[in-house]
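K.L.:
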Amino acid sequence: MGKKRTSMILAIGALGIGAFAFSGIIGQSSNKEVVMVGPADASKIVSVDYAQLQDIETKVTVSGTIEAQNSETVFSETSNQILTIHKEFADPVTKGEVIMTLDAQKDIRDNYQRELENINLQIANAQIRLTQVGDDTTTEIEILQAKNSVAQAEKAIQDLNDSIASIQKSMLLIDGDIASASIDIESAGNDINLAKNNIELAENTVRNAENDVYLAEANTLAAQDDLKTAQANLDLQQTLFDEGFGSQFDLDTAQNNYNKALLNYDNLKNTEVKMYDAYLNAQNSYLNIQNAYTNTQNAQQKIQHAYDRTVDSKRALQDDITNLENNRAVLNLQLETAQYQYKLLTNQVSDSVADRMEAQSKESIQNEIKMYNIQKETINQQIADLKTTVVAPASGTVDTILVDEGSYISVGTPLMKIVDAENLKITANISTFYASQLVEGLDATVKFDGSQIIEVPARITKVSPTATTEVGSTSATIPIELEILGDTTGLKAGVSVDVTVMFEQIHDVISVPLLATMRDSDDNSYVFVVGEDFSLEKRYVTEGSANNRYISVSDLEIGEIVVTNPTEALEDGMFVNYKPLAPLVEETEDDELEEDAEENSVENEDAEDNTEDDEEVETENEGE
């Protein structure tokens, strides 16, 4: 050991004129010898490194989520009940393919068909009456028929009025049901908002409890280390005392310190157990609140479905009133025609008036036929609107089914989400610290670290113009989107990935360790350069690009030695000591091979020295 230290000191002594080396033991427990260079009366011991060429990469890695580039949500176009859902999660779909079957609504269709048949009969009767206008042949039967037609027309109008009045009464009752359902929906919404707030509070409680557990674990580990140290010190004092080198006071002190450390460890361990129990209780409370929130959501959906059905019923009654009011004009025409026909047959109309009334009667009947045809078109359109299927608006893969078979839906209800699983994108959030560098077109790397590691290149395609703050967070981030440039095999929408965004790459720039630079009161950067005489020079520099280890600077030469742990206590011209550095060389492939060979040679020499030492010990033992 003595020969090795001497040779090292001689080698270090050759570093420069006027410099020398010394060695000392740092730490009684470690017993390690540390060699320093510099004047023995130097003011400070510092850490140093060379100013050297580095490749600086500025990048940041965040968590991102894979999403489908294109997605389509299918919405209901009618109020109905879902009978069959033909697709399941992850099934492929083709544009135009039937994905759901709805109730055929046979009762409504039958009612519409009966209305059409009635209208067709009305049209046929009107056409017959149109052919009879102007016929002068009058019989007693025709007079009776005309009188009966007047009575029927009057009764039809009265029946229409009675039907409208009855429907209006039903609508009043439905309005009450709607008002009650609206109150229930509002109440359920308030319950959901309250449940959301409770979930957020529970999440914060779980997060705080988790932090308490981590802190308690850290405190316990620290106490465990203290206990081990106290145990080691107690063992040492006991050994010294047993061999006559220690005092009873030192042994008692060590024993007391050990007892305190043990008590502290036990207390902190108990605290850790309590914190973990509190964490489990917080988790259980969170799950219970989450279940309550889900139940409240389900209740609101049921209330909403009941509300939608009630609104649909009211809408149907309103349609009935509209149809009846449309019939009113027809019935009035029928009554006027019947009254005119009766007066005409009973000679209550003069010839000139008769001619005029005949023309008006023809026009009235023709208008009546037109009205019937309009009603037919309206009903046919209503039949066409009774959709019995839902078709896919785009091709892709089923990502989410938002309704269940048997559930009632209204216009605008979301039914299913279809995604294009072949074309993927990445969404992520970047700290606002990088806001000035964050632009579209930056290269990135996407890494999926699962059972199989997948790494593909990507590029930023969208950068949000504004920063956002997520619920429960206090720091703002900037949302971005990236396109995947490589093969997406194995990547799935919804999977979390690591996204590394490359902001800058600079090659072969003079750099120093990141902590080597300091700033003065005017915010100017400087470093301490160690001269050949081990004195410090405070040199101002301009900082450039940086990564998590090095920063590029100006006004330094390759090979100059800088202090890597500067403090306010260092001054210009102060002399320092430091551990010697290996020579700075530009490594090549041949150099690396030579270094490996030298390391192997040194290991062999160490082995030989150890063998020689063992032989010397054996010889000494034999001499004794």
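Going letter by letter, the sequence shown gives residues 42 to 665 in my numbering. We put the beta carbon where it would ideally sit given N, CA and C, even for glycine.
Determine, using beta-carbon pairs with one atom in the stretch 111-126 and one in the stretch 449-461, whether at least three such pairs fall under 8 angstroms.
P.N.:
Short answer: they touch.
K.L.:
I240 and Y320: beta carbons closer than 8 angstroms?
P.N.:
Contact: no.
K.L.:
For the ligand MN, is there a heavy atom less than 7 angstroms away from the beta-carbon of D200?
P.N.:
The ligand content of the structure shown is nil, which means the ligand MN is not present either.
K.L.:
From G527 to K488, what does the alpha carbon distance come to, in whole angstroms?
P.N.:
So the two alpha carbons sit approximately 12 angstroms from each other.
K.L.:
Does the distance from the CB of I424 to the CB of R170 come in under 8 angstroms?
P.N.:
In this structure, R170 does not lie closer than 8 angstroms to I424 by Cβ.
K.L.:
Any idea what DSSP makes of T510, helix, strand or coil?
P.N.:
T510: coil per DSSP, three-state reduction.
K.L.:
Does the distance from the CB of V617 to the CB of K85 come in under 8 angstroms?
P.N.:
In this structure, K85 lies closer than 8 angstroms to V617 by Cβ.
K.L.:
Measuring alpha carbon to alpha carbon, tell me which of T378, Q289, G513 and P520 ends up nearest T468.
P.N.:
For the residues T378, Q289, G513 and P520, the minimum Cα distance to T468 belongs to P520.
K.L.:
Using a 10 Å radius around the Cβ and a threshold of 16 neighbouring Cβ atoms, would you call P624 buried or exposed?
P.N.:
By the 10 Å Cβ count, P624 comes out exposed.
K.L.:
Using 8 angstroms as the threshold, is the C-beta distance between A433 and V134 below it?
P.N.:
It is a contact, given that the beta carbons lie within the stated cut-off.
K.L.:
Got a sec? Which residues, its chain only, sit under 7 angstroms from T337 by beta carbon, not counting five neighbours each side?
P.N.:
Once the five neighbours on either side are set aside, the close Cβ partners of T337 are A229, D232, I233 and A236.
K.L.:
Thinking just about the alpha-carbon of each residue, which of T99, Q95 and L358 is nearest to the one in Q478?
P.N.:
Out of T99, Q95 and L358, T99 has the C-alpha closest to the C-alpha of Q478.
K.L.:
How many Å lie between E227 and I208 at the Cα?
P.N.:
Going from the Cα of E227 to the Cα of I208 covers about 28 angstroms.
K.L.:
Grab me the residues of D426's own chain with a C-beta within less than 8 angstroms of its C-beta, minus the 5 sequence neighbours each way, in chain order.
P.N.:
Within the same chain, D426 has close Cβ partners T119.
K.L.:
Quick one: what does DSSP say K458 is sitting in, helix, strand or coil?
P.N.:
Note: K458 maps to strand in three-state DSSP.
K.L.:
Per DSSP, P498 is paired with what?
P.N.:
According to DSSP, P498 bridges with T486.
K.L.:
For A319, which of helix, strand or coil comes out of DSSP?
P.N.:
Residue state, collapsed to three classes: helix.
K.L.:
What residues in its chain sit with their C-beta under 6 angstroms from that of V536, if we drop five residues either side in the sequence?
P.N.:
So the qualifying residues of the chain are I107.
K.L.:
List, from N- to C-terminal side, the beta strand (DSSP E) runs of 3 residues or more that fit wholly inside the stretch 511-576.
P.N.:
Correct list: 518-525, 537-554 and 566-571.
K.L.:
Alpha carbon to alpha carbon, how far is Q173 from Q401?
P.N.:
Cα to Cα, the separation comes out at about 14 angstroms.
K.L.:
Looking at C-alpha atoms only, which residue of T429, Q163 and Q168 is the closest neighbour of I149?
P.N.:
With distances taken between Cα atoms, I149 lies closest to T429.
K.L.:
Are the CB atoms of V568 and V675 within a distance shorter than 8 angstroms?
P.N.:
Missing from the structure shown is residue 675; the chain here goes from 42 to 665 and no further.
K.L.:
In whole angstroms, what separates the C-alpha of Y383 from that of V191?
P.N.:
Computed Cα separation, rounded: 8 angstroms.
K.L.:
Between which two residues does the alpha helix (DSSP H) harbouring T172 extend?
P.N.:
Segment K147 to Q173, the alpha helix (DSSP H) holding T172.
K.L.:
Excluding the five sequence neighbours on either side, which residues of its own chain have a C-beta within less than 7 angstroms of the C-beta of A145, listed in chain order?
P.N.:
Cβ neighbours of A145 beyond the five flanking positions: T429.
K.L.:
Among Y591, L622, E129 and K620, which has the Cα closest to the Cα of L94?
P.N.:
The option with the nearest alpha carbon to L94 is Y591.
K.L.:
With a cut-off of 8 angstroms on the beta carbons, I'd call A257 and L303 a contact; round off their distance for me.
P.N.:
So it is not a contact: roughly 18 angstroms between Cβ atoms.
K.L.:
In terms of residue numbering, what span does the beta strand (DSSP E) encompassing K428 cover?
P.N.:
First-last for K428: undefined, no H or E at that position.
K.L.:
Can you confirm whether the stretch 374-382 touches the stretch 194-207 when touching is taken to mean that 3 or more C-beta pairs between the two stretches lie within less than 8 angstroms?
P.N.:
Result yes; three or more Cβ-Cβ pairs closer than 8 angstroms.
K.L.:
Which same chain residues, not among the five before or five after N152, have their C-beta less than 7 angstroms away from its C-beta?
P.N.:
So the list is empty, once near-sequence residues are dropped.
K.L.:
In this structure, how does DSSP classify G585 when only helix, strand and coil are distinguished?
P.N.:
In this structure, G585 counts as strand in the three-state DSSP scheme.
K.L.:
Between the stretch 494-514 and the stretch 557-572, are three or more C-beta pairs nearer than 8 angstroms?
P.N.:
Because the criterion of three Cβ pairs below 8 angstroms is not met, the stretch 494-514 and the stretch 557-572 do not touch.
K.L.:
Helix, strand or coil for T125 per DSSP?
P.N.:
If DSSP states are grouped into helix, strand and coil, T125 belongs with the strands.
K.L.:
Classify P506 as buried or exposed, calling it buried when 16 or more other Cβ atoms lie within 10 Å of its own Cβ.
P.N.:
Per the 10 Å Cβ criterion, exposed.
K.L.:
Does DSSP put A469 in a helix, in a strand, or in coil?
P.N.:
Residue state, collapsed to three classes: strand.
K.L.:
Taking Cβ to Cβ, would you say D539 is nearer than 8 angstroms to D490?
P.N.:
Yes. Within cutoff.
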